[in-house]
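**Q** In the numbering used here, the protein residues as written are 35 to 271. For each residue, glycine too, the CB sits at the ideal point set by N, CA and C. Provided herewith is a single structure, encoded as structure tokens, for subsequent inquiry.
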């Protein structure tokens with residue numbers, strides 16, 4: 035009986051998230067109408083981001099127009115960011131960190147015309163590191179970009195870890211100060227490992243007296259925003 039009740043609860047919860055995702059799909063399509071993102075052919079869902087993810091990403095790009103973007107994980111979001119750069123003029127940098135050379139080649143074969151001239155894909159193979167006794171997947175030599183300043187961080191790679199998933203962003207942000215303005219978008223926030231990473235990042239930044247604003251957006255999957263004062267209204271999209 036208890037097992038049946040649990041299964042019913044899971045089914046209700048799954049149905050609720052699916053309904054939320056359908057609502058996000060409508061909101062997303064309405065939002066991009068007659069904008070620079072209107073004609074992009076997206077493959078949304080499964081390994082790619084959800085409609086909630088792409089809606090929030092679009093609003094960050096369209097509303098705040100970040101100039102220096104760091105993206106963990108090459109994919110559908112790269113299309114949107116590249117299109118945004120092309121449509122909105124000269125921007126300093128868009129660096130995409132990807133773990134798999136083969137996937138980079140496949141992506142470029144299918145999407146070479148969608149990559150902006152200011153978008154650079156860096157291959158950093160996946161290695162293992164430890165934090166608080168737990169092993170997590172990391173990009174090799176990620177420290178090499180620690181001193182580059184970005185105003186938008188999109189975290190959707192490398193592949194997830196059971197604990198402290200995608201923890202490289204913690205390393206990247208360690209030297210931030212209260213004078214810095216930035217926004218971070220985490221994908222897959224429904225997973226335990228990503229929640230751990232978000233918690234550690236927030237605690238670390240707040241310990242530096244950086245005022246933060248946070249918000250989760252939920253559909254089939256969840257995304258999470260961490261923003262400084264300049265970007266605080268991203269928590270009300």
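Can residue 214 and residue 262 be called in contact, C-beta distance under 8 Å?
**A** Within the chain shown, numbered from 1, the residue matching residue 214 stands at position 180. Within the chain shown, numbered from 1, the residue matching residue 262 stands at position 228. For residue 214 and residue 262, yes; Cβs fall inside 8 Å.
**Q** Please work out which residues of its chain come closer than 8 Å, Cβ to Cβ, to residue 114, disregarding the five sequence neighbours upstream and downstream, and give them in chain order.
**A** Here residue 114 refers to the residue found at position 80 when the chain shown is read from its first residue. 71, 74, 76, 88, 91, 92, 95, listed in sequence order.
**Q** What residue range does the beta strand (DSSP E) around residue 241 cover?
**A** Counting from one through the chain shown, the residue named residue 241 turns up at place 207. First-last for residue 241: 226-241, but that is the alpha helix (DSSP H), not the beta strand (DSSP E).
**Q** Residue 40: buried (16+ other C-beta within 10 angstroms of its C-beta) or exposed?
**A** In the chain shown, the residue the question calls residue 40 occupies position 6. For residue 40, the predicted structure reports a pLDDT of 47, less than 50, and the residue's modelled location is therefore unreliable. The matter cannot be settled from this model.
**Q** Taking only three categories from DSSP, how would you classify residue 102?
**A** Looking up residue 102 in the chain shown gives position 68. Correct three-state label for residue 102: strand.
**Q** For residue 168 and residue 217, which I take to be in contact (beta-carbon distance under 8 Å), what is that distance rounded to the nearest angstrom?
**A** Here residue 168 refers to the residue found at position 134 of the chain shown. Here residue 217 refers to the residue found at position 183 of the chain shown. About 27 Å separates the two Cβ atoms, so there is no contact after all.
**Q** Tell me which residues share the same chain as residue 112 and place their Cβ nearer than 6 Å to its Cβ, disregarding the 5 neighbours each side in the sequence.
**A** Against the chain shown, residue 112 aligns to sequence position 78. So the qualifying residues of the chain are 130.
**Q** Indicate whether residue 251 and residue 257 have their beta-carbon atoms separated by less than 8 Å.
**A** To locate residue 251, count along the chain shown from 1; it is residue 217. To locate residue 257, count along the chain shown from 1; it is residue 223. Yes, the pair counts as a contact, with Cβ atoms nearer than the cut-off.
**Q** Which residues in the same chain as residue 117 place their Cβ atom closer than 7 Å to its Cβ, once the five residues preceding and following it in sequence are excluded?
**A** Numbered from its first residue, the chain shown carries residue 117 at position 83. For residue 117, where only same-chain residues beyond five positions count, the Cβ hits under 7 Å are 70, 71, 74, 148.
**Q** On a Cα-Cα basis, can you pick out the residue from 243, 195, 246, 245 that is closest to residue 165?
**A** Mapped onto the chain shown, residue 165 falls at position 131. Ranking 243, 195, 246, 245 by Cα distance to residue 165 puts 195 first.
**Q** Under 8 Å, do residue 152 and residue 180 count as touching if we go by C-beta distance?
**A** In the chain shown, counting from the first residue as 1, residue 152 sits at position 118. In the chain shown, counting from the first residue as 1, residue 180 sits at position 146. No, the pair does not count as a contact, with Cβ atoms beyond the cut-off.
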